[in-house]
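Asks: Mind the numbering: the sequence shown is residues 1 to 185 in the numbering used here, read in order. Each residue gets a CB set at the ideal place from its N, CA and C atoms; glycine is no exception. Once you've had a glance at the structure underneath, I'll fire off some questions.
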Amino acid sequence: MNHPLESSGTGVQQDSSEAASVTSNTQGRHEVAPMSKSGRMVHRSIRKLVSLLARGYFRLSVHGGDRIPIDGPYLVIGVHRSNLDAFLIGAALPSEQILRCMAKESLWQHAWMGSFLEKMGSFPVSRGQADRAALRCCEQALAHGDLLLMFPEGTRMSGPLITEVHEGPAWIACRYRVPVLPVAL
Numbered sequence: 001m002n003h004p005l006e007s008s009g010t011g012v013q014q015d016s017s018e019a020a021s022v023t024s025n026t027q028g029r030h031e032v033a034p035m036s037k038s039g040r041m042v043h044r045s046i047r048k049l050v051s052l053l054a055r056g057y058f059r060l061s062v063h064g065g066d067r068i069p070i071d072g073p074y075l076v077i078g079v080h081r082s083n084l085d086a087f088l089i090g091a092a093l094p095s096e097q098i099l100r101c102m103a104k105e106s107l108w109q110h111a112w113m114g115s116f117l118e119k120m121g122s123f124p125v126s127r128g129q130a131d132r133a134a135l136r137c138c139e140q141a142l143a144h145g146d147l148l149l150m151f152p153e154g155t156r157m158s159g160p161l162i163t164e165v166h167e168g169p170a171w172i173a174c175r176y177r178v179p180v181l182p183v184a185l
């Protein structure tokens, strides 16, 4: 049997002239395309800037950084407590790797936010249902060798305990046979 990422049949275009890393198709859903050289440069630059700010202002430090895989694809799983979580996790990971994030669909209601998220490689998910388009985006991101950040709780929570988690991240890790990097802030 072929590896699911080798012959996925998703129809992802490998056009390197494409500036955006996430493109909207005719139904308004998204596809994850490989990032162009200029897109990768912008992605890296923003992540390096956020890393400098996070390390300076928040005193972000990484413990166990020697155990972070050098190459993707792999799934990054974090606990979601703040709107800054994705930025801080991105700041802690090597900036050479493209980090894709699944984010709630309502963030795309604001044109500037949706545009920024797409340039950074994020894609929307309709929460509260099995969003097959978002699962295809996960598959496409991993097929490109990118990192995929997901929050198993599905939304921001408060308190020190992890209560209820959704099975999506575990399903993706098993289905596409990718390693999982758990992170905590």
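1. Round the Cβ separation of L142 and V76 to the nearest angstrom and send it over; I've been treating them as touching at under 8 angstroms.
2. Expressed to the nearest angstrom, what Euclidean distance is found between the alpha-carbon atoms of S61 and S95?
3. According to the neighbour-count rule (16 or more other Cβ atoms, all chains shown, within 10 Å of its Cβ), is T26 buried or exposed?
4. In its own chain, which residues sit with a C-beta less than 6 angstroms from the C-beta of L181, not counting the 5 before and 5 after it?
5. Hey, out of G121, H80 and E153, whose CA is closest to H144's CA?
6. Give the secondary structure of G39 by DSSP, where H, G and I count as helix, E and B as strand, and everything else as coil.
7. Can you give the beta carbon distance from A125 to A103, rounded, assuming they're within the 8 angstroms contact cut?
8. Return the residue from the list P169, Q97 and W112 that minimises the CA-CA distance to A130.
9. Since D146 and I98 are thought to touch, with beta carbons under 8 angstroms apart, how far apart are those beta carbons, to the nearest angstrom?
Replies: Short version:
1. So it is not a contact: roughly 12 angstroms between Cβ atoms.
2. Note on geometry: alpha-carbon atoms of S61 and S95 lie some 15 angstroms from one another.
3. Its pLDDT being 34, under 50, T26 is placed unreliably by the model, and the measurement read from it follows with that caveat. The residue is exposed, with fewer than 16 neighbouring Cβ atoms inside 10 Å.
4. Y74 and V76
5. G121
6. helix
7. The sequence as given places Val at residue 125; Ala does not occur at that position. So it is a contact: roughly 7 angstroms between Cβ atoms.
8. P169
9. Taking a contact as a CB-CB distance under 8 angstroms, the pair D146 and I98 counts as one, their CB atoms being some 4 angstroms apart.
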